[in-house]
Amino acid sequence: MPNSDWTRQSLDLSRVFYQLSDTSVFELKRFIADHNLSGHVDQLAIDRSHFHSLMLDVEKLRTEVDDGQKFVVVKAIEGFGPVQTEAVHWILSLLLGETIVQNEEGRHLIHIYDRDPKRRIKDGARYHQTHESGQIHTDNVNIPENYQYLLVGCANPAKIGGENIIVNGRAIYDYLNTHAREELEILKNNFVFEYRGISRELYEAPIITFSERGEPLFRHLRTYMESAQMRADKPLTEDQVRALDTLDAALSMSEFQLLYRLKSGEILVANDSQVLHDRRCFVDGKDMITLDELKKHPESKKPLKRTLLRTWVRKI
Ligand SMILES: [Fe+2]
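Per the working numbering, the sequence shown runs over residues 1382 to 1697.
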């Protein structure tokens, strides 16, 4: 049963949590023992022939992410800390496909943490660099090309808060198709988006498109899109605003949401355009350090900030 139209009620949690096999864990431990992990992990190449077992696991979880409930959470590996988790995250990303550059520095794996508690999204900060709760969104808004997978690894959860929210796009689409057909049609037309954090360019794309199999695909991060419409000097029409309000109201309905706070070492693998996501606001404690600082000073006893890891992966 694909269960691709799951709601909070019908989600099969036994299919959400994925345990890597013992042999896969062995392959990962061998890789970690043989490599220096103190630099940027996304500069590490892998030899696929060293990951026979892990590749089988990846294909199993890929089936769930492509054809099933559209996301899984890979369980933490016992004894692995944040640095090892980052390596696992990177290796899983490489086995799933081709990773995508996410910022001007050319990083393929980035750390999501609160850079400056005083900096807000409304002032132009990228959402992943703040502690604010955002809006339910897809990540695939900064570039027009589609990629299939979003991986979010948890190096460390927040001191308080920071629950992850996962919403099934298919269920939202079906709901709007029954209750708000006119607004749904508007979402299938072009809106303006920006390459926030990548360049100053703008591009146009619909919020809802369809896969070859007719599955609805979403491209939605309202604040970025609204800022792009302003920059393009194309203020949203009344109908467009109502369509967006309709979509956001449906996305905010608890019956379509799974709330789950990722634990240390867990890695979410999601079909980015078919499940939307968000997080609740969070707070770090005093005097906490970043993952890069921890890598430079592994002897540090200071606790790690809430740090999530992120890759975007195109299926090849
Ligand atoms: Fe996101």
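Heads up, the beta-carbon is just placed ideally off N, CA and C, and yes, glycines get one too.
If you check the C-beta of His-1601 against ligand 1, you find no heavy atom less than 7 Å away. Screening all residues for a C-beta within a distance smaller than 6 Å of any heavy atom in ligand 1 leaves His-1518, Asp-1520, His-1658, in chain order. Closest by C-alpha distance to Ile-1670, out of Phe-1663, Val-1664, Arg-1660, Ser-1681, is Ser-1681. For Ile-1427, the closest of Leu-1437, Met-1611, His-1416 by C-alpha to C-alpha distance is His-1416. With contact defined as three or more Cβ pairs closer than 8 Å, the region 1457-1469 and the region 1499-1519 are not in contact.
Burial is judged here by how many other beta carbons sit within 10 angstroms of a residue's own beta carbon; Ser-1391 has fewer than 16 and is exposed.
Under the three-state reduction of DSSP, Ala-1651 is assigned to strand.
Nearest C-alpha to Lys-1686 among Pro-1463, Phe-1591, His-1518: Pro-1463. Under DSSP, Glu-1479 shares a beta bridge with Arg-1695. Only residues of its own chain outside the window of five on either side were considered, and among them Met-1669 have a CB closer than 6 Å to the CB of Pro-1684, listed in chain order. Of the other Cβ atoms in all chains shown, 16 or more fall within 10 Å of the Cβ of Gln-1529; this residue is therefore buried.
The way I'd put it, the region 1631-1640 doesn't touch the region 1419-1439; fewer than three beta-carbon pairs between them come closer than 8 Å. For Phe-1572, no alpha helix (DSSP H) encloses it; the enclosing beta strand (DSSP E) starts and ends at 1571-1575.
Contact between Asp-1659 and Gln-1516 holds: their C-beta atoms lie close to 7 Å from each other, under 8 Å. Beta-bridge partners of Pro-1587 (DSSP): Asn-1571. A Cβ-Cβ distance of about 15 Å is found for the pair Ala-1414 and Glu-1467, leaving them out of contact under the 8 Å criterion. If you ignore the 5 residues before and after Leu-1598, its C-beta comes within less than 8 Å of the C-beta of Asn-1527, Gly-1550, Ile-1589, Thr-1590, Phe-1591, Ser-1592, Ser-1654, Gln-1655, all in its own chain and listed in chain order. According to the DSSP assignment, Phe-1412 belongs to the alpha helix (DSSP H) that extends over 1403-1415. Per DSSP, the beta-bridge partners of Tyr-1641 are Asn-1545.
DSSP, reduced to helix, strand and coil, places Asn-1527 outside both helices and strands of the structure shown, so it counts as coil. One alpha carbon belongs to Pro-1498, the other to Val-1664, and they sit about 9 Å apart. Assignment of Thr-1671 by DSSP, reduced to helix, strand and coil, places it in the coil class.
Contact between Pro-1383 and Gly-1449 holds: their C-beta atoms lie close to 5 Å from each other, under 8 Å. In this model, Leu-1557 and Lys-1441 are separated by some 31 Å (Cα to Cα).
The alpha helix (DSSP H) runs of length 4 or more contained entirely in the region 1610-1634 are, from start to end of the chain, 1619-1632. Excluding sequence positions up to five before and after Lys-1696, its CB lies within less than 6 Å of the CB of Gly-1478, Gln-1529, all in the same chain and listed in chain order. Leaving aside the five residues that flank Thr-1627 on each side, the residues in its chain whose CB is nearer than 6 Å to its CB run, in chain order, Ala-1561, Glu-1564.
DSSP, read as helix, strand or coil, puts Ala-1552 in helix.
The residues Asn-1523, in chain order, have a CB closer than 6 Å to that of Ile-1579 in the same chain once the five nearest residues on each side in sequence are set aside. Each residue's CA atom was taken as its position, placing Val-1397 and Asp-1614 some 43 Å apart. One Cα belongs to Val-1482, the other to Leu-1490, and the distance between them is close to 8 Å.
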